[in-house]
Amino acid sequence: MELKEKIAAIAEKNLEDESHFLVDIIMSSRQGSGKVLILIDGDKGVNIDDCARLSRKLGHIIEEEEIISDKYILEVSSPGVEHPLTSERQYQKNIGRAVKVSLAEGKDVKGSLVEVQNDCIVLDQEIKKGKKKAYERVELSFSDISKTIVQISFK
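Just so we're aligned, residue 22 is where the sequence shown starts under the numbering used here, counting upward by one.
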């Protein structure tokens, strides 16, 4: 089993409860020390205590089982708004929010996330008809989506 997969399996086993889930593991190395960044989320969000608990558990297991032999920094965090949505659970959690979807073909689609189905998402895309705003329902298949970023509005 690859190191990243091994850490993912340990992280998933040690999440606080079933409402929390693993989003991503990003591993990097620089001049003799590595960094392991574990991104977690929850159906109702995660807080700093959730991240700290998982970090302590993982750090202990990694050390005890000598999973990483070199120097490393372990960081557990929530994904943040700049990180793309990667799982259906993240899409479900963000229903009603504005998103920017980059399609594999290179086109971007912006709209409000309305629904998440097994193989696609549904957006209300704003279209301008003269001075009035109108909305058009757009269905996008997960297989056509390159990445989806939640848009933050400062209005």
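Cβ coordinates follow ideal geometry from the N, Cα and C atoms, glycine included.
Rounded distance between the beta-carbons of residue 93 and residue 121, thought under 8 Å:
Incorrect: roughly 34 Å between the Cβ atoms, too far for contact.
Which residues in the same chain as residue 133 place their Cβ atom closer than 6 Å to its Cβ, once the five residues preceding and following it in sequence are excluded?
119, 145
Based on the DSSP secondary-structure assignment, which residues constitute the bridge partners of residue 121?
131, 170
For residue 70, which of helix, strand or coil comes out of DSSP?
helix
Residues bridged to residue 158 (per DSSP):
Beta-bridge pairing links residue 158 to 145.
Tell me the DSSP bridge mates of residue 58?
47, 96
Alpha-carbon spacing of residue 140 relative to residue 53, whole angstroms:
42 Å
Please determine if the stretch 147 to 157 and the stretch 106 to 118 are in contact, where contact requires at least 3 C-beta pairs separated by less than 8 Å.
No contact exists between the stretch 147 to 157 and the stretch 106 to 118.
Within a Cβ cutoff of 6 Å, which residues of the same chain sit near residue 70, ignoring the five residues on either side of it in sequence?
none
With a 10 Å radius around its C-beta and 16 neighbouring C-beta atoms as the bar for buried, classify residue 173 as buried or exposed.
exposed
Spatial neighbours of residue 125 within its chain, please: CB distance less than 6 Å, with the 5 preceding and 5 following residues excluded, ordered by chain position.
Contacts found: 165, 167.
DSSP three-state label for residue 136, please.
strand
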